[in-house]
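Enquirer:
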Amino acid sequence: MRNTYLWFIQLVTGVLIAVLAGIHTVWMHLDAILGFFGIDVRDSTAWHSMIERSREGIWAGLYIALLAVVLYHGLNGLRNIILELTPSARTERIVTRAIIAFGIVIFAWAAYVPILLLST
Amino acid sequence: MRQIQPRNNHLGIGGWIWAGNYKLERYLYILHRVTGLGILLFLLLHLTMTTVFRIQGKDVWEATMSMLHNPWFKFGEYLVVVALIYHALNGLRLILQELGFLMGKPIPPIYPYRDSLRKKRPWTMAMIGIILILCLVFFYDFIAGGW
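These protein sequence lines are chains A and B, in that order.
Each residue of the first sequence is one higher than the last, beginning at 11 in the working numbering.
Each residue of the second sequence is one higher than the last, beginning at 938 in the working numbering.
1) Just to confirm, are Ile-19 of chain A and Tyr-82 of chain A a CB contact at a threshold of 8 Å?
2) What are the boundary residues of the alpha helix (DSSP H) that includes Leu-30 of chain A?
3) Does any CB atom of chain B fall closer than 8 Å to the CB of Val-115 of chain A?
4) Any C-beta of chain A within less than 8 Å: which residues of the segment 948-974 of chain B qualify?
5) Would His-1024 of chain B be called buried (16 or more neighbouring beta carbons within 10 Å of its own) or exposed?
6) Excluding the 5 residues flanking Ile-954 of chain B on each side, which residues of the same chain have their C-beta closer than 7 Å to its C-beta?
7) Alpha carbon to alpha carbon, how far is Leu-1071 of chain B from Gly-975 of chain B? Give it in angstroms, no decimals.
8) Starting from the beta carbon of Ala-1020 of chain B, find every residue of chain A whose beta carbon is closer than 9 Å, and list them in chain order.
9) Are Gly-24 of chain A and Ile-1022 of chain B close, meaning C-beta to C-beta below 8 Å?
10) Provide the residue span of the alpha helix (DSSP H) that contains Ser-64 of chain A, from first to last.
11) With a threshold of 16 other CB atoms inside 10 Å of the CB of Ile-27 of chain A, please say whether the residue is buried or exposed.
12) From the beta carbon of Ile-91 of chain A, is the nearest beta carbon of chain B less than 8 Å away?
13) Which of the three DSSP states, helix, strand or coil, is assigned to Ser-180 of chain A?
14) Does any CB atom of chain A fall closer than 8 Å to the CB of Trp-1102 of chain B?
15) Quick one: which unbroken alpha helix (DSSP H) runs of 4-plus residues sit fully inside the segment 964-1009 of chain B? Chain order, please.
16) Quick one: list the residues of chain A neighbouring Phe-1038 of chain B, beta-carbon separation under 8 Å, in chain order.
17) Is Leu-93 of chain A closer than 8 Å to Glu-102 of chain A when the C-beta atoms are compared?
18) Name, please, each residue of chain A whose Cβ falls closer than 9 Å to the Cβ of Lys-1056 of chain B.
19) Decide if Trp-1084 of chain B is buried, meaning its Cβ has at least 16 other Cβ atoms within 10 Å, or exposed.
20) If the cut is a Cβ gap below 8 Å, which residues of chain B does Trp-37 of chain A touch?
21) Please report the distance separating the alpha-carbon of Thr-55 of chain A from that of Arg-1058 of chain B.
22) Can you name the start and end residues of the alpha helix (DSSP H) that Thr-106 of chain A belongs to?
23) Note down the Cα distance separating Ala-1081 of chain B from Trp-37 of chain A, rounded to an integer number of angstroms.
24) Where does Tyr-73 of chain A sit, in a helix, a strand or coil, going by DSSP?
25) For Ile-1068 of chain B, which residues in the same chain have their Cβ closer than 7 Å to its Cβ, ignoring the five residues on either side in sequence?
26) Using the Cβ count rule (16 or more neighbours within 10 Å means buried), how would you classify Phe-1085 of chain B?
27) Please check if any C-beta of chain B sits within less than 8 Å of the C-beta of Glu-62 of chain A.
28) Whose Cβ in chain B lies nearer than 7 Å to the Cβ of Gly-24 of chain A?
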């Protein structure tokens, strides 16, 4: 039953990422086409524009939420691929724990930076 | 200790690439897996850039950005966008299929039978069409935005 829940969360996070990462990709890359519709997103990666976004709590919140769903979806997908090779129960346990530990470390670090930058 | 039921995957890693006389959907599945692993690798690089380099201040950030504006990095970035588009749309197709939305209404089993794969095939082709259109739109923007 546990794997059913993990798989269901995989589907839900997939839809969330399609929406959130879709907005992120369009905002960061479609500057010429967005400009045609009167939306100016030029220099979205420039220091001043990045720092301006970093000071707003809504952006930090969105980035941290996206980080959580992306890390779950990506690392659970990686775990599914590795476990398809039919490892022993011991290997499965090691793989699961290593992936959870890796995910927690990455999340803690990558969530800490936007929180730190809120006060810059 | 918890016992794990053995799963049938005798082909191992080789089975990811070749697994018998499979059709289009099987290759879409392989591509889904490959793009997923590629996006995960990109995510780790992206997180390194937006945390380790960003926290070091303006000079390091601008030096990183000027390096990333190299045409080869731009091309790599375009490939990541293509992988994202494919993985997202193919994933949505798989979710809709898994939840039974693309099955169509039940029909009497009169010869020649329409199997579920052929019922879903038009949706698959529509998905491929949308992916190609989106890839072209982003390609235009990458060209228009300058390499």
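Just so it is clear, CB atoms sit at the ideal spot from N, CA and C, and this is done for glycine as well.
Expert: Taking the definition as stated:
1) Taking 8 Å as the Cβ cut-off, Ile-19 of chain A and Tyr-82 of chain A qualify as a contacting pair.
2) Segment 12-39, the alpha helix (DSSP H) holding Leu-30 of chain A.
3) Using beta-carbon distances, Val-115 of chain A does not count as an interface residue toward chain B, since no partner is under 8 Å.
4) Within the segment 948-974 of chain B, the residues whose Cβ lies closer than 8 Å to any Cβ of chain A are, in chain order, Gly-949, Ile-950, Arg-970, Gly-973 and Leu-974.
5) That one is buried.
6) If you ignore the 5 residues before and after Ile-954 of chain B, its C-beta comes within less than 7 Å of the C-beta of Ile-967, all in its own chain and listed in chain order.
7) Linking Gly-975 of chain B to Leu-1071 of chain B through their CA atoms gives a straight-line distance of about 19 Å.
8) The premise fails here: Ala-1020 of chain B is roughly 11 Å from chain A at the closest Cβ pair, so nothing lies under 9 Å.
9) The Cβ atoms of Gly-24 of chain A and Ile-1022 of chain B lie no closer than 8 Å to each other.
10) Run containing Ser-64 of chain A: 57-64, per the alpha helix (DSSP H) assignment.
11) Label assigned to Ile-27 of chain A: buried.
12) Cβ-Cβ to chain B under 8 Å: yes for Ile-91 of chain A.
13) Look at the range of chain A in this structure, 11 to 130, and you will see that residue 180 of chain A is not part of it.
14) Within the shown structure, residues of chain B are numbered from 938 to 1084, placing residue 1102 of chain B beyond reach of any answer.
15) If only complete runs of 4 or more residues are kept, the segment 964-1009 of chain B shows the alpha helix (DSSP H) at 995-1005, in order along the chain.
16) The contacting residues do not exist; Phe-1038 of chain B stays about 13 Å from chain A at best.
17) At the C-beta level, Glu-102 of chain A and Leu-93 of chain A come within 8 Å of one another.
18) Residues of chain A passing the Cβ test: none, with the nearest at roughly 21 Å.
19) Only weak support is given to the placement of Trp-1084 of chain B: the predicted model assigns it a pLDDT of 49, under 50, and the value that follows is read from those uncertain coordinates. For Trp-1084 of chain B, the number of other beta carbons within 10 angstroms of its own is below 16, and it is reported as exposed.
20) In chain order: nothing, as chain B lies at least about 12 Å away.
21) Taking the straight line from one Cα to the other gives about 41 Å.
22) Start and end: 99-127.
23) About 15 Å.
24) Look at Tyr-73 of chain A here: in three-state DSSP terms it is helix.
25) Closer than 7 Å at Cβ, skipping near neighbours: Ile-1022, Tyr-1023 and Leu-1026.
26) In the structure as shown, chain B begins at 938 and stops at 1084. Residue 1085 of chain B is therefore absent and cannot be evaluated.
27) Under the Cβ criterion of 8 Å, Glu-62 of chain A is not counted among the residues facing chain B.
28) The contact set of Gly-24 of chain A on chain B, defined by CB atoms closer than 7 Å, consists of Gly-1028 and Ile-1032 in chain order.
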